Each structure stands twice: as C-alpha cells, then as structure tokens.
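As numbered in full-length UniProt numbering, residues 1 to 272 make up the sequence shown, in order.
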Amino acid sequence: MTDRLREDPEAEDTRVLERIRGLARPTGEPTFRERLRRDFVFGTFGQRPRAVAIAPRRPVRFLAWAAGLSAAAAVAIVLAVLNQPPGWTALPSGGSGHLVVNGRSIPIRDTAELTRRMRPGSRIRLESTEELDLISSGLLAMQLSPGTEMVLPPPPGRWFARGPRGKVTGGLLRVTTGRRFHGARLAITTPDATIHVTGTTLAVIAEPTGTCVCVLEGTAHVAPHQGKMTRVTPGSSCEVARGGRKPKRGEMRDAERPRLVDLRDRMQAVMN
C-alpha cells in the first residue's frame with residue numbers, strides 16, 4: 001500500500017492512457033449516421049426545431065356577462081319601481097255603511113283600512129247611504145254610488161302598463177281623469193259593452209236593461225260586445241240594450257250633469 005502511494009504519478013497516468021487506447025472503438029448506429037450525413041450534405045446540420053407559439057386562450061367572460069346581467073336586472077327593478085302609480089286612496093264619506101272588499105265588510109268611515117285593503121283586481125261592493133270617492137293622485141278619480149259592484153282597475157303606470165282594465169257588474173260609476181292620465185287608456189267592461197276612456201269625465205251606468213254612458217267632457221268610445229264601436233262626444237250619451245248590437249245616441253241624462261261637474265271640480269283640485 002505504502003509502495004503504491006510512493007509510485008511516480010506520471011507512470012500511473014501513462015498506464016491509464018494505454019488502457020483507454022486499448023478499448024474498442026464504438027460504432028454509430030446506421031440510422032444516426034445516415035441522418036448525420038444527410039444533414040451535412042443539405043446544410044441542415046445543427047438546426048433545431050423552432051418553438052411554435054401557441055395562441056393564449058381567451059379569458060372566460062363569465063364574470064363580465066354576470067355583471068352585465070346584474071346591471072340589467074337592477075335597471076329593470078328601478079324602472080319597475082319608478083313606473084308604479086299611486087295606489088287607490090279612499091276619501092272620507094259622509095254616509096254610513098260598509099264597503100265589501102273581496103268578501104270582507106269594512107266600515108265606510110274607516111278610510112285607512114279601506115285604502116289598505118283595496119288593491120287592483122279587488123272585487124268591491126258599496127253598501128252605504130252615500131257615494132264613495134276613490135283617487136289615484138294625479139291620475140284618476142272614481143265615485144261609486146250605493147249598490148255599485150265592480151272589479152277595481154289598476155291605475156295606469158308612468159311609462160308602460162298604461163292600458164288598465166276594470167269591470168262594472170252593476171250600479172253607477174263616475175270617472176274623471178287627471179293631468180298625468182294623458183296618453184293612457186282605461187277600459188271599463190259592463191255586461192253589455194266596453195267603454196274606452198282616454199281623458200274625460202263620464203258616468204257608466206250598468207242597469208238590468210242595459211248600459212248607459214254619459215259624457216260631460218272629453219270623448220269616450222263605447223263598443224257593444226256584439227256590435228261596432230261608437231264615439232261619444234261631450235254632452236251626449238250612448239245606450240246599449242242588454243244583448244243589443246246597435247248603440248243608441250242621445251243627450252246625457254239631466255241628473256248626471258251636476259254630479260259629474262261636482263266630481264270633476266273636487267277631484268281636479270285634489271289630484272292636480
């Protein structure tokens with residue numbers, strides 16, 4: 001061991017080189033040699049495949065789509081809220097009795113409870129000694145006479161839903177429109193006809209023998225269920241007999257003129 005450490009390092013290197021030279025020379029694979037020869041001949045030796053750029057994936061737009069949908073929903077909600085008209089309000093009445101709202105009898109003098117209970121589409125019947133006034137501020141006012149039974153129409157919206165419909169089964173209903181009603185169209189149906197109101201003061205009288213419409217001012221259109229529409233001008237009336245097809249024109253009823261004038265003057269002061 002000690003003798004090997006003391007040997008000349010150059011002699012050891014010489015022996016290592018001789019052993020390396022004595023090793024068999026490795027032979028290249030035929031396919032590798034052929035590819036190397038072809039690359040050398042055509043000048044492609046040393047070239048490497050170029051990296052191909054891959055287009056980045058488009059970002060998912062779900063969040064942007066969801067945000068847009070939420071914004072549209074928020075706008076729709078705001079518009080729906082702003083479009084809501086004032087609800088029906090019951091005004092004080094000097095009579096005694098009840099208003100039956102969807103089968104529930106409410107004292108006529110309890111205006112707060114009447115206002116809370118009345119909703120568009122409610123079926124109401126007045127059992128009182130005096131008329132009852134209902135108002136949707138700035139839009140529409142109605143007066144029910146004792147014994148009147150009807151389905152309450154919704155007041156027209158501010159921008160859309162401006163074609164409300166109501167129904168008078170029997171009795172007498174007086175209507176006057178306000179300044180904000182302009183552009184709207186109210187349809188009142190009776191057992192005999194449909195009355196189209198576009199801005200006027202009128203009375204709709206549903207009697208057992210037929211329907212009579214008296215117009216104080218403005219214009220109304222009366223369409224029998226089985227006939228053609230008739231235009232009713234200020235100061236005139238239109239009567240449709242039960243089951244009739246041809247309306248009968250005439251002067252408005254004398255009893256309705258002062259009642260309609262009173263309703264118009266009082267309600268215009270309140271609404272506008």
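C-beta: ideal position from N, C-alpha, C; glycine also.
All figures in this text were calculated on a predicted structure; none of them were measured in a lab.
| Item | Value |
| --- | --- |
| Thr-190 to Glu-113, Cα distance in whole Å? | 28 Å |
| Would you check if there are 3 or more beta carbon pairs closer than 8 Å linking the region 147-155 to the region 102-113? | no |
| Excluding the five sequence neighbours on either side, which residues of its own chain have a C-beta within less than 6 Å of the C-beta of Thr-198, listed in chain order? | Arg-185 |
| Once you ignore the five residues that flank Gly-166 on each side, which residues in its own chain have a CB closer than 8 Å to its CB? | Met-150, Val-151, Leu-152, Pro-153, Leu-186, Ala-187, Ile-188 and Thr-189 |
| What ranges does the beta strand (DSSP E) occupy inside the region 172-221, keeping only unbroken runs of at least 3 residues that lie completely in it? | 186-189 and 193-207 |
| Secondary structure at Leu-263, three-state DSSP: helix, strand or coil? | helix |
| Express the C-alpha separation of Cys-214 and Ser-237 in angstroms, rounding to a whole number. | 4 Å |
| Please work out which residues of its chain come closer than 6 Å, Cβ to Cβ, to Thr-194, disregarding the five sequence neighbours upstream and downstream, and give them in chain order. | Ala-187 and Ala-223 |
| Quick one, which of Ser-93, Pro-86 and Arg-123 has its alpha-carbon nearest Asn-102's? | Arg-123 |
| For the region 74-154, which segments carrying the beta strand (DSSP E) assignment without a break, of at least 3 residues, lie completely within its bounds, in sequence order? | 97-101, 104-107, 123-128, 132-136, 140-144 and 149-151 |
| Below 8 Å on the Cβ atoms is my guess for Pro-86 versus Pro-155; work out the distance and round it to an integer in Å. | 7 Å |
| Leaving out five residues on either side along the sequence, give the residues of the same chain with a beta carbon under 6 Å from the beta carbon of Glu-130. | Ser-93, Gly-94 and Gly-95 |
| Between which residues of its own chain and Arg-117 is the CB-CB distance below 8 Å, once the five residues before and five after are set aside? | Val-101, Asn-102, Arg-104 and Ile-106 |
| Can the beta-carbon of Gly-243 be found less than 7 Å from the beta-carbon of Arg-180? | no |
| By the DSSP assignment, the beta strand (DSSP E) with Ala-241 in it spans what residues? | 236-241 |
| Taking only three categories from DSSP, how would you classify Ala-11? | helix |
| Taking all protein chains shown into account, do 16 or more other C-beta atoms lie within 10 angstroms of the C-beta of Arg-37, making it buried, or fewer, making it exposed? | exposed |
| Since Ala-241 contacts Gly-210 with CB under 8 Å, what's their CB separation in whole angstroms? | 4 Å |
| Between the Cα of Ala-269 and those of Gly-178, Arg-249 and Leu-173, spot the shortest distance and give me the residue it belongs to. | Gly-178 |
| Using DSSP with H/G/I as helix, E/B as strand and the rest coil, what is Arg-35? | helix |
| Quick check on this structure: which residue in Trp-88, Met-267 and Arg-266 has the alpha carbon closest to the alpha carbon of Ser-136? | Trp-88 |
| Please state whether DSSP places Pro-258 in a helix, a strand or coil. | helix |
| Going by DSSP, name the residue or residues bridged to Pro-164. | In DSSP, Pro-164 forms no bridge with anything. |
| Quick one: measure Cβ to Cβ for Ala-90 and Met-271, integer angstroms, because I've assumed they're closer than 8 Å. | Contact flag wrong, Cβ pair sits at about 15 Å. |
| Give the range of the beta strand (DSSP E) segment to which Glu-251 is assigned. | 248-251 |
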